[in-house]
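Per mature numbering (1 follows the signal peptide of the UniProt record, and there is no 0), the sequence shown runs over residues -32 to -1, 1 to 670. We put the CB at the ideal spot given by N, CA and C, even for glycine. Comments concern the structure below.
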Amino acid sequence: MAATAGSPRLPAWCGPLWGLLLAVLAAGEAAGEMGPSWAELGWALFSSLGSCQGNSVERKIYIPLNKTAPCVRLLNATHQIGCQSSISGDTGVIHVVEKEEDLNWVLADGPHPPYMILLDGNLFNRKVLMQLKGTSRVSGLAVSIAKPNPPQGFSPGLKCPNDGFGVYSKDYGPQYAHCNTTVWNPLGSGISYEDFDFPVFLLEDANETQVIKQCYQDHNVPRDGSGPEYPLCAMQLFSHMHAVTSTVTCMRRNSIQNTFSINPETVCDPLLDYNVWSTLQPINSSGKVDREKEVIIVATRIDSHSFFWNIAPGAESAVSSFVTHLAAAEALHKASDVHLLQRNVMFTFFQGVRAAASLHPHGMVYDMEKDKFPLLFPLQVALRNGSVLWMHTDPVSWMNESVQTQVRNLLDILSDSSVGANVTLREVGYSQPLPPSSFQRFLRARHIPGVVLTDHQAAFQNRYYQSMYDTPENIRMQYPEGLSPEETLEYVTDTAKSLAEVATVVARALYRLAGGANNTSAIQADPKTVTRMLYGFLIKMNNSWFQSIIKPDLKGILGDVPQHYVAVSSPVNTTYLVQYVLANLTGTVVNLTKEECMNPDKAPNTEKELYDYAWVQGSLEPNSTTRVPYCVRSTVHLTKALSPAFELRQWGSTEYSTWTESRWKEIRARIFLVASKELEIITLVVADVLFSIPRDPGAVAY
């Protein structure tokens, strides 16, 4: 094993001294019980090593794995799910599993348990994981990414997403509850909702995966069916979780700590982010609307999820939908008579279905108990399949004559709006329930007319729902070779053209629903806007367009690899970017100074209760590094997406989402050579004592 390139040079005697220490310990072990002379010599060498540069020596002993993603622990009212290591990390001899037969060595034949498995991504499935879950011969799992994506599909989510928190229950459409009539995610394995008592890490870097395989090939490959001889290549994974049992338990523990401890230690946090919303016509920023004026709500989720922490590209499950939504908002705002429309339109971007439960307590308040209530037009569209989109309605509220009339009007307007477009809209029928969507949360409050627009008639088309494989390739985003980043940003893909067509239909339908009477042919979504958004949200956030439309103090959010995973830090990058993209597409550039823009009270007629103002970076001047900033006025606002269960301290609620995420001390992974089972423990203890000095990550070499 080689030290990291560029690491400080050790004194020439340090390497031999470390080897001598291991030899002394091995000799003592071979002699039986380590006598006083062996112990004294060992500790003398141990003390001498203390003067070596710790981080450099550690790099000679360990190879750190710097590009990994862990499975972490989540908790709800009754359960804990996810993975964790022991408090000191879990260690095992590496065994590579590339076909199911390789598991026999781990589960039965291998003489050196427990094993750390390097698992081929194509074998990362429920059948294999449940075998590993039931044995003490496995100490952990490192999963390589399958390339190309598994052709059979892969979804770690549930077959019935959001089961128990939608509208269908024993009290409302019981025949539709628990996906009795339609299994929405047939490929769902449910492994994201299992509890594993060993660490599971994703290896994101193919080079690091190859390093592990090389170490395995050199030291661990069984020879003629017999076990390999020491030294063996081992792996250690650290992912100990502080929270246990359930949200009820961990939140109670938090409360006790905050009440009685001088230095309280939080063990879990509620999943939290912000919803983004704006309106076609300005309303008070509290979200309260005139009871005499109906509002059409267009709703889309902007978060995604996966088995591994912060690895949620969400190309089909989230991004293509909210990009279509954003493009429709831009197209509608450009209509010449938009200010004359009788009904207002609210564009809402929710942080998942669980965030919709926070709608009422957090500002976006509507009087649904009166005769005047908002029409809902939730949008849940990924990528149209065969130029067909499906219009889903609720079969239970359809039985209400008033609701049926309004839903029929919605369906007719949608169908008419697709005439002349390259998109066909079809009705699903009235015997099938609604797919998982935010609309179901509204229906739990009152019978409200609404339509859910999707690319699937029944089961999801997405074979990689809630997984790390829901990537740009999954929605067929393709670019010619040789394009620069700037050329790629502007290149209009076929995917962008398709989604722009869908956005056009949506915008025209919204115009009609809001009372527009003019010809809608001029309402057209811009494919260039769509292609920029797809590039930014799926390929490279740190691009020239995103740089130009955000505030200067937010430029740090523009990482290279976009992720849409919702955890406990908020707002996440996606939330900020949706906020500023929406402001850019629907807002107005106003002539205010930086000081006036940042403090609207200091300027006349700003109506700050109706508008939000943002001083953004602007584009670069030609052939310069200087930007031209400006002030944007918009109706875009943020609303906290926190489940009411936490405000009401109802941590065991069955009405509201109760998901929390455990805290942890450290997440890391490393491999090393071990001379024997006994020396494995000694090596780990000695090395951790000597080499606890903070270190730079550095490159991996073997």
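What would DSSP say about Met566, mapped onto helix, strand or coil?
Translated into positions along the sequence shown, residue 566 becomes position 598. If DSSP states are grouped into helix, strand and coil, Met566 belongs with the helices.
If contact is defined by three or more beta carbon pairs under 8 Å, each pair taking one atom from either stretch, is the region 167 to 186 in contact with the region 68 to 81?
no
I need the DSSP call for Pro597, collapsed to helix, strand or coil.
As a position in the sequence shown, residue 597 is number 629, starting the count at 1. Coil at Pro597, not helix or strand.
Measure the alpha-carbon distance for Gln372 versus Ile381 and round it to whole angstroms.
In the sequence shown, counting from the first residue as 1, residue 372 sits at position 404. In the sequence shown, counting from the first residue as 1, residue 381 sits at position 413. Looking at the two C-alpha atoms, the distance is approximately 14 Å.
When the Cα atoms are used, what is the spatial distance from Phe614 to Thr46?
Stepping through the sequence shown from its first residue, residue 614 is reached at position 646. Stepping through the sequence shown from its first residue, residue 46 is reached at position 78. If I take the Cα positions, the gap works out to 15 Å.
Taking Leu87 as the reference, which of Gly586, Arg94, Leu200, Ala110 has the closest Cα?
As a position in the sequence shown, residue 87 is number 119, starting the count at 1. Among Gly586, Arg94, Leu200, Ala110, the Cα nearest to that of Leu87 is on Ala110.
I need the straight-line Cα distance from Asp237 to Phe122, nearest angstrom please.
Position 269 of the sequence shown, counting from 1, holds the residue named residue 237. Position 154 of the sequence shown, counting from 1, holds the residue named residue 122. Rounded to whole angstroms, Asp237 to Phe122 spans 29 Å at the Cα level.
Spatial neighbours of Pro250 within its chain, please: C-beta separation below 8 Å, excluding the five flanking residues on both sides.
Here the question's residue 250 lines up with position 282 in the sequence shown. So the list reads Glu575, Leu578, Tyr579, Thr603, once near-sequence residues are dropped.
So His187 is in the alpha helix (DSSP H); what residue range does that whole segment cover?
Translated into positions along the sequence shown, residue 187 becomes position 219. 174 to 187 is the span of the alpha helix (DSSP H), which, as asked, contains His187.
Start and end of the alpha helix (DSSP H) containing Lys101?
Working through the sequence shown from its first residue, we reach residue 101 at position 133. Unbroken alpha helix (DSSP H) run through Lys101: 94 to 101.
With 16 other CB atoms within 10 Å as the buried threshold, where does Gly18 fall?
Against the sequence shown, residue 18 aligns to sequence position 50. Any answer about Gly18 is weak, because its pLDDT of 47 lies below 50 and its placement is not dependable; what the coordinates show is given next. That one is exposed.
Could you check what DSSP says for Met2 in three-state terms: helix, strand or coil?
Residue mapping note: residue 2 aligns to position 34 of the sequence shown, counting from 1. Only weak support exists for where Met2 lies, its pLDDT of 45 falling under 50; the value from the coordinates is given anyway. In the structure shown, Met2 sits in coil (DSSP, three-state: anything other than H, G, I, E or B).
Can you tell me whether Ala485 is buried or exposed? The criterion is at least 16 other CB atoms within 10 Å of its CB, across all chains shown.
Stepping through the sequence shown from its first residue, residue 485 is reached at position 517. By the neighbour-count rule (16 or more Cβ atoms within 10 Å), Ala485 is not buried but exposed.
Looking at Gln204 and Ile635, is the spacing between their C-beta atoms short of 9 Å?
Taking the sequence shown and counting its residues from 1, one reaches residue 635 at position 667. Taking the sequence shown and counting its residues from 1, one reaches residue 204 at position 236. Contact flag unset, no.
Residue 684 classed as buried or exposed, judged by whether at least 16 other C-beta atoms fall within 10 angstroms
The structure shown has nothing for residue 684, since the chain only spans -32 to 670.
If we ignore side chains and look at the alpha-carbon of each, how far apart do Asn44 and Leu545 end up?
In the sequence shown, residue 44 corresponds to position 76, counting from 1. In the sequence shown, residue 545 corresponds to position 577, counting from 1. Straight-line Cα distance between these residues: approximately 29 Å.
Taking Cβ positions, are Glu482 and Leu309 nearer each other than 9 Å?
Walking along the sequence shown from the start, residue 482 turns up at place 514. Walking along the sequence shown from the start, residue 309 turns up at place 341. The residue you asked about is not Glu; residue 482 is Ala in the sequence shown. Yes, Cβ-Cβ distance for Ala482 and Leu309 is below 9 Å.
Rounded to whole angstroms, what is the Cα-Cα separation between Ala37 and Phe206?
As a working note, residue 37 is residue 69 in the sequence shown. As a working note, residue 206 is residue 238 in the sequence shown. Distance between the alpha carbons of Ala37 and Phe206: 11 Å.
Between which two residues does the alpha helix (DSSP H) holding Cys218 run?
In the sequence shown, residue 218 corresponds to position 250, counting from 1. Residues 215 to 228.
In whole angstroms, what is the alpha-carbon distance linking Asn243 and Gly193?
Stepping through the sequence shown from its first residue, residue 243 is reached at position 275. Stepping through the sequence shown from its first residue, residue 193 is reached at position 225. Near 58 Å, if we compare the C-alpha coordinates of Gly193 and Asn243.
Run through DSSP, which three-state label would Val318 get?
As a position in the sequence shown, residue 318 is number 350, starting the count at 1. The sequence given here has Phe at residue 318, not Val. In the structure shown, Phe318 sits in a strand (DSSP, three-state: E or B).
Give the straight-line distance between the Cα atoms of Val61 and Met209, rounded to the nearest whole angstrom.
One-based indexing of the sequence shown puts residue 61 at position 93. One-based indexing of the sequence shown puts residue 209 at position 241. Each residue's Cα considered, the two are about 23 Å apart.
Suppose contacts are defined by Cβ-Cβ distances below 9 Å. Is His605 in contact with Ser246 by that definition?
Within the sequence shown, numbered from 1, the residue matching residue 605 stands at position 637. Within the sequence shown, numbered from 1, the residue matching residue 246 stands at position 278. Yes, these two residues count as a Cβ contact at 9 Å.
Can you tell me the Cα-Cα spacing of Gly282 and Thr554, whole angstroms?
As a first step, residue 282 must be located in the sequence shown, where it is residue number 314. As a first step, residue 554 must be located in the sequence shown, where it is residue number 586. Approximately 24 Å, taken between the alpha carbons.
So, helix, strand or coil for Ile639, using DSSP?
Numbered from its first residue, the sequence shown carries residue 639 at position 671. Residue state, collapsed to three classes: strand.
Within 10 Å of its beta-carbon, does His360 have 16 or more other beta-carbons around it, so buried, or fewer, so exposed?
Position 392 of the sequence shown holds residue 360. Buried, by the Cβ-count rule.
Does DSSP put Cys147 in a helix, in a strand, or in coil?
Taking the first residue of the sequence shown as position 1, residue 147 is located at position 179. Three-state DSSP puts Cys147 in a helix.
Look at the Cβ atom of Tyr136, then the Cβ atom of Gln408, and state whether they are nearer than 9 Å.
As a first step, residue 136 must be located in the sequence shown, where it is residue number 168. As a first step, residue 408 must be located in the sequence shown, where it is residue number 440. Contact flag set, yes.
In chain order, which continuous runs of the alpha helix (DSSP H) of length 4 or greater are located wholly inside the region 528 to 559?
541 to 554
Identify the residues that DSSP records as bridge partners of Ser383: which are they?
If you number the sequence shown from 1, residue 383 lands on position 415. Ser383 is not bridged to any residue.
Suppose the cutoff is 7 Å on Cβ atoms and the five residues either side in sequence are ignored; what does the same chain contact list for His80 look like?
Residue mapping note: residue 80 aligns to position 112 of the sequence shown, counting from 1. Val61, Gly195, Leu200.
Would you call the region 497 to 511 and the region 438 to 454 touching, i.e. three or more CB-CB distances under 8 Å?
yes
Alpha-carbon to alpha-carbon, Ser406 and Ala323
Start at 1 with the first residue of the sequence shown, and residue 323 comes out as number 355. Start at 1 with the first residue of the sequence shown, and residue 406 comes out as number 438. The predicted position of Ala323 is uncertain, since its pLDDT is 41 and thus under 50; no value can be drawn from it.
Nearest-angstrom Cα distance between Pro539 and Thr215?
For the purposes of this step, residue 539 is taken as the residue at position 571 of the sequence shown. For the purposes of this step, residue 215 is taken as the residue at position 247 of the sequence shown. Rounded to the nearest angstrom, the two C-alpha atoms are 22 Å apart.
State the Cα-Cα distance for the pair Val151 and Gln425, rounded to the nearest angstrom.
On the sequence shown, position 183 is the one that residue 151 refers to. On the sequence shown, position 457 is the one that residue 425 refers to. Using only the alpha carbons, I get a separation of about 12 Å.
Taking the alpha-carbon positions, what's the Val306 to Leu248 distance?
Within the sequence shown, numbered from 1, the residue matching residue 306 stands at position 338. Within the sequence shown, numbered from 1, the residue matching residue 248 stands at position 280. Taking the straight line joining both Cα atoms gives about 8 Å.
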